[in-house]
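Colleague: First the structure, which I've put down as structure tokens, then a few questions once you've had a look.
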Amino acid sequence: MADQAQAKAEQRAALAVTVPQTIDLRKRPRIGESIIQTVLIVCGFVSIFTTVAIVYVLFQESLAFFADPAVTLVQFFTGTVWQPPINEFGVLPLVNATLVISLIAMLVAVPLGLGMAIYLSEYASERTRGILKPVIELLAGIPTVVYGFFALTFVTPILRGIFGDVVSIYNMLSAGLVVGVLITPIIATLSEDALSAVPNSLRQASFGLGATKWETAIKVVVPAALSGILAGCIVAMSRAVGETMVVALAAGAKPNLTWNPFESAETMTGYIARISGGDPSYGSMDYKSIFAVGLLLFFITLALNIASRRIVRRFREVYD
Amino acid sequence: MSRVRTLAALVAFLLLLPLVAACGGGTATAPTTAPAPPATEAPAPTAPPAPTAAPTAAPAPTAAPTAAPAPTTPPAGGALIELPEVNPASVSGNIIIAGSSTVYPLTERMAELFKKDGFGGQITIDSIGTGAGFERFCKAGETDIANASRPIKKEETENCAAIGRTPIEFRVGTDALAVVVSAQNDFVENLTKAQLADIFSGKVKKWSEVDPSFPDQPIQLYSPGTDSGTFDYFVEVIFDKDPQPILSANPQLSEDDNVLAKGVEGSPYAIGYFGYAYYASERSKLRAVKIEGVEPTDETAESGEYPLARPLFIYSDAKIMKEKPQVNAFINFYLTYVDEEIKEVGYFPASDDALNEARQRWLDAQK
């Protein structure tokens, strides 16, 4: 008691004198602070742990698939028929359909998204931009299952009206077009960010040399922002590769090795969705095969992500 | 200049306003539709599983007296065995059912009626295919009743025995597989089983190869997925249980009959097959083909004349029926009223003998 009183008195005296002492900010370990720190560390590790666990499960179940005597790696990558219940394990038809649909999607999304981005960053006034940008982002918020039914019940009948009966009810073109619409906002927003980041001095210099607004946008600003634009396109591409609901609903459920977009063909994600929907029995070839396909899909998107980082580094132009 | 610009921006804004509103509306309506299923599921926890003990006693005494005279009227000259009446309101608790997608609509209808007549508990029915249904009934042991569109297999019975269950088979009706083409198809009237085998194995790729009078167009195949009992049954009848030919023909496979129906509807050159119930509900856009000259109708399915007819079953176990009186009551209700309802669902009633056998099994399970 006495000690405390004395200490208080001393404190008061110190305050009264107001001697400017240097306070060591570090040496005040507060409990609240360390709790927060621990929570943050746990948060970080949870995300790492989840990723590791997913990869582990994918590898483990795929290993069971490849360990099956009926499966060989060569057949898996070169076989042209995919029908696991009867020991046909050529994954090419699924990969091919995924590529065709993603390509169609990119053909739609790159011009559309890039056009939007150029308009937004170079032409639109501040106010239009403030309105348009959220609207485009809203487009990205529509559930993909809605896009899927849009493809099946709206786009497909139109295609059949134009091209006739050569277009199957379930076809890759319809799915590809709609996936294209789905990923357009990704390309638009990412490219717009890249274009806006180009310093204004470049534009002014271009105008100073007598270039028009169009020439400035196409010949100066877009090349300067190329790395960002390409990275955006690749992010969109990996989104298209992984898209599931649209292809499951609109592209059909038939592994089919064809480049004809009017035909129906099942993608990797579509296959996984279909088999999971059928409640396959644990340990069956159907069950194990979805993990093998999932692993391949994982590697494809991983490769795309690595490519996008490389491109950003390679084409980056640093100003100022 | 700046005035023009603000004006333009204003116009753009006004034009976009309905768009934004529409999108807003879209996102607003989405959540309202989403919570609907949970709302219907909500009563589940409120259903009190408490008074299960009391009702057990209730139906039992009524069962005893009526059960007694039943064996005295053997299933002879078409007279149906009468089951003791149960009051659905007197039992409660949950009933878990899973299995065949073909039996699903029938069981669902019976469950609806059972609830309408006063059953306050919850009935869950999963449409996951016959094989998966037996897996959950016999391996996991999590279901009370398994819906099946084929008799139980030997290894499935063994699985059941391993967890102490003895499956009892109750015949509830007959399903005919309908081989369907689009309503736009005006050339196929009748197919033989051999022709079906050729078509669905990909041995013939064009309609003109089936019959020279048919158009020179590629055949598009639609088939239920490999987990469904419908697929098993078709393969059994047409390909002698070997799925190799049909899968190597690479048809469109889907566990969802609506996907198949939509696909077949879409092209005059498509052909598919599924349960007769789905055909009945899509009759305006699809047409069933005669098989071996026989059209799928009540009479031909019942008499076995139609080559693609198959029995429908539900399976349970005497021990479950004793432990869960609501399951016992539901099966009784099912067997009593199934004949009145089955046509509404699109299937055909089982023969009197088969139904009598099922009812007798229910009575035997009470002992």
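These protein sequence lines are chains S and H, in that order. Going by our numbering, the residue at position 288 of the first sequence is 288; the numbering climbs one at a time, nothing skipped. Going by our numbering, the residue at position 174 of the second sequence is 494; the numbering climbs one at a time, nothing skipped. The beta-carbon is built from N, C-alpha and C at its ideal position, and this holds for glycine as well.
Given H/Ala418, which residues of its chain have a CB within under 6 Å of its CB, disregarding the five upstream and five downstream residues?
Modeller: Asp446, Ile448, Gly453, Arg456, Thr463
Colleague: Please list, in chain order, all residues of the same chain as H/Glu556 whose beta carbon is under 6 Å from its beta carbon, the five residues on each side excluded.
Modeller: none
Colleague: Could you list which residues in chain H have their beta carbon closer than 7 Å to that of S/Pro255, in chain order?
Modeller: Listed by position along chain H, the residues whose Cβ is nearer than 7 Å to that of S/Pro255 are Asn570.
Colleague: Looking only at C-alpha atoms, which of S/Thr51, S/Arg30, S/Ala197 sits nearest to S/Leu302?
Modeller: The candidate whose alpha carbon is nearest that of S/Leu302 is S/Thr51.
Colleague: Relative to chain S, which residues along the segment 554 to 585 of chain H have a C-beta separation below 8 Å, given in chain order?
Modeller: Pro563, Gln564, Leu567, Ser568, Asn570, Pro571, Gln572, Leu573, Ser574, Glu575, Asp576, Val579, Lys582, Gly583, Glu585
Colleague: Give the straight-line distance between the Cα atoms of S/Ser308 and S/Phe59, rounded to the nearest whole angstrom.
Modeller: 24 Å
Colleague: For H/Gly493, does the three-state DSSP call read helix, strand or coil?
Modeller: strand
Colleague: Tell me the residue span of the beta strand (DSSP E) that contains H/Ile416.
Modeller: 414 to 419
Colleague: Taking all protein chains shown into account, decide if S/Thr80 is buried (16 or more other Cβ within 10 angstroms of its Cβ) or exposed.
Modeller: exposed
Colleague: Does the distance from the CB of S/Ser238 to the CB of S/Asn305 come in under 9 Å?
Modeller: Yes, these two residues count as a Cβ contact at 9 Å.
Colleague: Mind checking whether H/Ala503 and H/Arg607 have CB atoms under 9 Å apart?
Modeller: It is a contact, given that the beta carbons lie within the stated cut-off.
Colleague: Quick one: measure Cβ to Cβ for H/Gln572 and S/Ile86, integer angstroms, because I've assumed they're closer than 8 Å.
Modeller: Incorrect: roughly 16 Å between the Cβ atoms, too far for contact.
Colleague: Cutting at 7 Å between CB atoms, please list the residues of its own chain near S/Ser121, excluding the five before and the five after it.
Modeller: Glu192, Leu195, Ser196
Colleague: Exposed or buried, H/Asn652, counting other C-beta atoms within 10 Å across all chains shown (16 or more means buried)?
Modeller: buried
Colleague: CB S/Val110 to CB S/Ala151, shorter than 9 Å?
Modeller: no
Colleague: If the cut-off is 7 Å on Cβ atoms, which residues from the segment 223 to 254 of chain S count as contacting chain H, listed in chain order?
Modeller: Closer than 7 Å at the C-beta level to chain H, one finds these residues of the segment 223 to 254 of chain S: Gly252, Ala253, Lys254.
Colleague: Check whether the segment 281 to 297 of chain S touches the segment 213 to 228 of chain S, counting contact only when three or more Cβ pairs, one atom from each stretch, lie closer than 8 Å.
Modeller: With fewer than three CB-CB distances shorter than 8 Å, the segment 281 to 297 of chain S does not count as touching the segment 213 to 228 of chain S.
Colleague: Measure the alpha-carbon distance for H/Glu529 versus H/Leu511 and round it to whole angstroms.
Modeller: 13 Å
Colleague: If I'm right that H/Ser420 touches H/Gly592 with Cβ under 8 Å, what's the distance once you round it to whole angstroms?
Modeller: Not quite, the Cβ-Cβ distance comes to about 18 Å (not below 8 Å), so this is no contact.
Colleague: Could you have a look at S/Val146 and say whether DSSP puts it in helix, strand or coil?
Modeller: Of the three classes helix, strand and coil, the one that applies to S/Val146 here is helix, per DSSP.
Colleague: Give a yes or no on whether the C-beta atoms belonging to H/Lys404 and H/Asp437 are separated by under 9 Å.
Modeller: One detail in the question is off: residue 404 of chain H reads as Pro in this sequence, not Lys. The answer is no: Cβ separation not under 9 Å.
Colleague: Please look up how many angstroms separate the CB atoms of H/Gly666 and H/Ala600, rounded, as I've assumed it's under 8 Å.
Modeller: 4 Å
Colleague: With respect to the alpha helix (DSSP H) encompassing S/Leu159, which residues constitute its N-terminal and C-terminal limits?
Modeller: It spans 156 to 163 - the alpha helix (DSSP H) in which S/Leu159 sits, taken as one unbroken run.
Colleague: Could you check if H/Ile483 belongs to the surroundings of the ligand NAP, using beta carbon to heavy atom distance under 8 Å?
Modeller: Although the ligand NAP was asked about, the structure shown includes no ligands whatsoever.
Colleague: State yes or no: is the beta carbon of H/Thr617 nearer than 9 Å to at least one beta carbon in chain S?
Modeller: no
Colleague: In this structure, does DSSP put H/Ala590 in helix, strand or coil?
Modeller: strand
Colleague: Quick check: the Cα distance between H/Ala638 and H/Gly586, rounded to an integer number of angstroms?
Modeller: 47 Å
Colleague: Can you name the start and end residues of the beta strand (DSSP E) that H/Leu541 belongs to?
Modeller: H/Leu541 -> beta strand (DSSP E) spans 540 to 544.
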